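The sequence shown begins at 158 in the numbering used here and counts up by one. For each residue, glycine too, the CB sits at the ideal point set by N, CA and C. The structure presented is a predicted model; accordingly, all values stated were derived computationally and were not measured. What follows is a single structure, written as structure tokens, with notes after it.
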Amino acid sequence: MDKAILTCALNGVLTDPAKHPVPVTPAQCAASAREAMDAGASVIHIHFRQQEPNKGHLPSWDPQVAVEIVGAIRDACPNILINATTGAIGPDYSGPLNVLRALKPEIAACNAGSLNYLKLRANGDWAWPPMLFENTPDKIQEHLDVMAQTGTLPEFECFDTGIVRSVAMYVANGMTRRAQYNLVMGVASGMPVSPVLLEFLLAYLMEGSYWQATLIGRAEIWETHQKAADLGGMLRTGVEDTFYLPGGEKTRSNGQLVEALATCARNAGRAIASPEEARTILGIS
């Protein structure tokens, strides 16, 4: 890919907006998305948060909340592409499917396999009770079916190498027609952030498919961002993934992070795709 498509991961889930620069309300999300767009982002990946006082760190699957937030972003960012989350723990995932039906986003995350979601504290205790982020083929198919109905491009979230390899099986099985990969690195029980591993994984992607890397961590992630730019991938950052700029200082906004990501693209000799160009590249009307 000659031109780099930049995604801003706007807010994520559970991070406390009282402690970090995480947008929650429609107005905050629109302002942060506009700053990211001005810095070069053509895609906004978004999670939806509860809007009540002191609950902004909690997820919301209320379709009306999602519609209001995305409407504000679209008003502030003409022609921007929306990439909606669908990640839900537990057996009831009707909420994400209802949000997809209400939003009809251009792109949506499709978690492509199950993961033991683990993290340790420095003393060896679990940071949270160990949990299974379960994404069975039946669950994945239900998400893909709704995305087909809403005209949404699925972006397969891959947390480990076996999940990367599974995506080609979904296409061969007829579950979906094309593959677009998001290689998630930095979850403690998933793939590590590594430029060497990133380059290794490209041999296991379907030929001709688009891909990006989500890199979770601190300043050490930026070496791998540069590798992703050098290898021709789409690029993603935002306060969902990190609060740290390449020099190690904390970011004040999504815009600063996207500016740093755009620098990686330019270091690789690549121009930044506009929202209109991103739509053309990805085949999205």
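For the beta strand (DSSP E) containing Pro311, list its first residue and its last residue.
-> Leu310 to Cys315
Host beta strand (DSSP E) of Asp202 (start-end) | Reading off the sequence shown, one finds His at residue 202, where the question assumed Asp. Start and end: Ala198 to Ile203.
What three-state label does DSSP hand Leu392 in the structure shown?
-> strand
Distance CB(Val396)-CB(Gly169) smaller than 8 Å | yes
Quick one: any contact between the segment 276–294 and the segment 332–350, if contact means 3 or more CB pairs under 8 Å?
-> yes
Pick from Leu354, Arg334 and Ala241 that is closest to His204, judged by C-alpha positions | Ala241
Burial state of Arg191 (16 or more Cβ within 10 Å) | buried
Report the option in Leu362, Glu434 and Ala417 whose CA atom is closest to the CA atom of Gly404.
-> Ala417
Is it buried or exposed for Glu209, if we count other Cβ within 10 angstroms and need 16 for buried?
-> exposed
Return yes when the Cβ of Asn236 is within less than 8 Å of the Cβ of Asn105, no when it is not.
-> Not covered by the structure: residue 105. The range shown for the chain is 158 to 442.
Met194, DSSP secondary structure in three states = helix
Report the residue ranges of all beta strand (DSSP E) runs contained in full by the segment 346–429; include only those spanning at least 3 residues, in chain order.
-> 367–372 and 391–394
Close-in-space but distant-in-sequence residues of the same chain around Gly374 (CB under 7 Å, 5 per side omitted) = Gly343, Val350 and Thr399
Can you tell which of Val227, Leu254 and Gly270 has the C-alpha that lies nearest to the C-alpha of Ala325?
-> Gly270
Compare the Cα-Cα distances from Gly440 to each of Ala188, Gly213 and Thr309 and report the closest residue.
-> Thr309
Sequence ranges, beta strand (DSSP E) only - wholly within the segment 224–274, length at least 3 | 238–241, 264–268 and 272–274
Which two residues bound the contiguous beta strand (DSSP E) that contains Met342?
-> Gln337 to Met342
Pair every Cβ in the segment 279–290 with every Cβ in the segment 331–340, then say whether three or more of these pairs are closer than 8 Å.
-> no
Secondary structure at Leu171, three-state DSSP: helix, strand or coil?
-> coil
What did DSSP end up calling Leu215 once you bin it into helix, strand or coil?
-> coil
For Cys165, write down the residues that DSSP places opposite it in a beta bridge.
-> Ile201 and Thr394
Give the secondary structure of Met332 by DSSP, where H, G and I count as helix, E and B as strand, and everything else as coil.
-> coil
Counting only the same chain and skipping the five closest in sequence on each side, list residues whose C-beta sits under 7 Å from that of Gly252.
-> Trp218 and Ala245
Can you name, in chain order, every residue of its own chain whose Cβ lies under 7 Å from the Cβ of Ala435, other than the five neighbours on each side?
-> Ile162, Ser199, Val200 and Leu238
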